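The numbering of the sequence shown is this note's numbering, which starts it at 36 and goes up by one.
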Amino acid sequence: MNPRRMYLYAVMTLLTAAMWTVPAQGQRDKVKPNLDEGARIYKQNCINCHGPGGKGDGVAAGQLDPKLADLTSSNTQDKKNAELFEVVKFGRPGTAMPGWLGPLDEGEIKNVLAYVRLLAQ
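So this is what it looks like as structure tokens:
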């Protein structure tokens, strides 16, 4: 077998293997969030400002301007997951909301957002 054909077979084999080992985007997004971890993260990082029920009435809320978001409100709950993810990931300029990417990884942010969705129920 000539070297060019061997090279082509090797490349095709590697590409095929990569397709079988890397999940498609839709498959990654279907992983169920860990609500227990989301609750733990919320209680550790969010409760002081947003309060135990997510209403924006935590112990630090009175000292912050502008007023904190009520995470149970339709204004927040109607947002798409991707929008809320961006707010938690990068923060909200001009407010007390910091970005959490770094202290939290993307999976942890998704878990806390799943917990926040439950606060409105």
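By construction, the Cβ of each residue, glycine as well, lies at the ideal position given by its N, Cα and C atoms.
Note that the structure is a prediction, hence the values are computed from the model and not measured.
Item	Value
On the DSSP bridge assignment, give the partners of L139 in chain order.	L136
Alpha carbon to alpha carbon, how far is V57 from E143?	For V57, the predicted model reports a pLDDT of 49, less than 50, meaning its position is unreliable; a value from the coordinates is still stated below. Each residue's alpha carbon lies about 21 Å from the other.
Go ahead and pull the three-state DSSP assignment for N69.	coil
Which residue from L106, P138, D113, G73 puts its Cα closest to that of N125?	Note that residue 125 is Phe in the sequence shown, not Asn. Taking only the C-alpha atoms, the option nearest F125 is P138.
Note down the Cα distance separating K145 from N37, rounded to an integer number of angstroms.	51 Å
Could you check what DSSP says for N83 in three-state terms: helix, strand or coil?	helix
So, at 6 Å on beta carbons, what are the nonlocal neighbours of L106 in its own chain, with the 5 sequence-adjacent residues on each side left out?	H85, G89, V151, L154
Is it true that the CB of V147 sits closer than 7 Å to the CB of I76?	yes
What first and last residue would you give for the alpha helix (DSSP H) that runs through Q112?	109–112
Going by the beta-carbon positions, is the gap between P87 and A149 smaller than 7 Å?	no
Could you check which residue in A104, D100, A74, S109 has the C-alpha nearest to that of G91?	A104
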